[in-house]
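Student: Residue numbers (the numbering used here), protein chains in the order written: chain A, 200 to 276; chain B, 606 to 754. Using N, Cα and C, we set each Cβ at its ideal position, and we do this for glycine too. Nothing here was measured: the structure is a model prediction, and the numbers come from that model.
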Amino acid sequence: MTIQVYAALKDYFDTEFEITEPVHSVEELRTLLLKRNPGAEAIMPVCRFAVNDTFVDSQFQLKAHDAIHIIPPSSGG
Amino acid sequence: MDNTSHLSAVPINIAAMLEGAHHPGAGAVVLFSGETRDNSQGRSVTHLDYEAQESMANKMIAEILNEAMVKWSLKLALACHRTGRVAIGETAVVVITAAAHRREAYAANQYIIDRIKYEAPIWKHEYFADGSSEWGANAENANKGELNE
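(1) Does residue 273 (chain A) come within less than 8 Å of chain B when only Cβ atoms are used?
(2) Can you say whether residue 754 (chain B) is buried or exposed, counting buried as having 16 or more other CB atoms within 10 angstroms of its CB?
(3) Reducing DSSP to helix, strand and coil, say where residue 708 (chain B) ends up.
(4) What does DSSP give as the partner residues of residue 657 (chain B) in its beta bridges?
(5) I need the DSSP call for residue 644 (chain B), collapsed to helix, strand or coil.
(6) Tell me, please, whether the CB atom of residue 656 (chain B) is closer than 8 Å to any CB atom in chain A?
(7) Taking residue 252 (chain A) as the query, report the chain B residues whose CB atoms sit under 9 Å from its CB, ordered along the chain.
(8) Between which residues of its own chain and residue 635 (chain B) is the CB-CB distance below 6 Å, once the five residues before and five after are set aside?
(9) Among A:227, A:241, A:217, A:265, which one has its Cα closest to the Cα of residue 208 (chain A)?
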């Protein structure tokens, strides 16, 4: 699956990358990403996840070809 | 289907937006322009750079505008947020509301800008005079409830 991150998350991850490990839910994905980069532990819990441009909760079941966007807290305006 | 883009990578033409915001049923038109300050939490700011998850931000702003249209019986509701580099004193976001009376136009305008700031996937990167930079947070987050009243 493809992961795309934004704003402060780019301090910890590439803007876009692939995950090949078997992860089944958003929660598992979050755990995997924090294992890869523990430095993101402050920001990751406050990020929202979106699949195909729709926000999903932590129990959402992911499919192998999903496009996942990880959305930090907004700071527009 | 609303195909209007609510994001702009180039400076927003406020005059043109306002020109398009008149309506025969509207006795009040309110325009809010959020502009780049030269300071943030005591630090000197040189410019901002906005990033957005554009497809979601566009869709979300359209939904916020539609909700406000219904809630306050607006005649018009427009919003545009910058992406990319925004200089000091330039407009980062514009919200225009037109209603029969000013009370509705003001209330709806504040509702729309608050929701765009806190919900739309748009982020500012602040660049400081000392050469450093950081991803911004909305300083008012702690007072969000109060601001929305």
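Tutor: Per the coordinate set shown:
(1) Sequence index remark: in the first sequence, residue 273 (chain A) carries index 74 (1-based). So, interface residue.
(2) Numbered from its first residue, the second sequence carries residue 754 (chain B) at position 149. Confidence in residue 754 (chain B) is poor, its pLDDT being 29 and thus under 50, which makes the residue's placement unreliable; the coordinate value appears in the next sentence. Under this definition residue 754 (chain B) is an exposed residue.
(3) Here residue 708 (chain B) refers to the residue found at position 103 when the second sequence is read from its first residue. Residue 708 (chain B) falls in the helix class under three-state DSSP.
(4) By one-based count along the second sequence, residue 657 (chain B) stands at place 52. BP columns for residue 657 (chain B) point to B:727.
(5) In the second sequence, counting from the first residue as 1, residue 644 (chain B) sits at position 39. Secondary structure at residue 644 (chain B): strand, using DSSP grouped into helix, strand and coil.
(6) One-based indexing of the second sequence puts residue 656 (chain B) at position 51. For residue 656 (chain B), the answer is yes, since a Cβ of chain A falls inside 8 Å of its Cβ.
(7) Position 53 of the first sequence, counting from 1, holds the residue named residue 252 (chain A). Against chain B, a Cβ distance below 9 Å from residue 252 (chain A) picks out 658, 660, 661, 664.
(8) The count along the second sequence starts at 1 and reaches residue 635 (chain B) at position 30. Hits under 6 Å: 702, 710, 711, 714.
(9) Residue 208 (chain A) sits at position 9 when you count from the first residue of the first sequence. The option with the nearest alpha carbon to residue 208 (chain A) is A:241.
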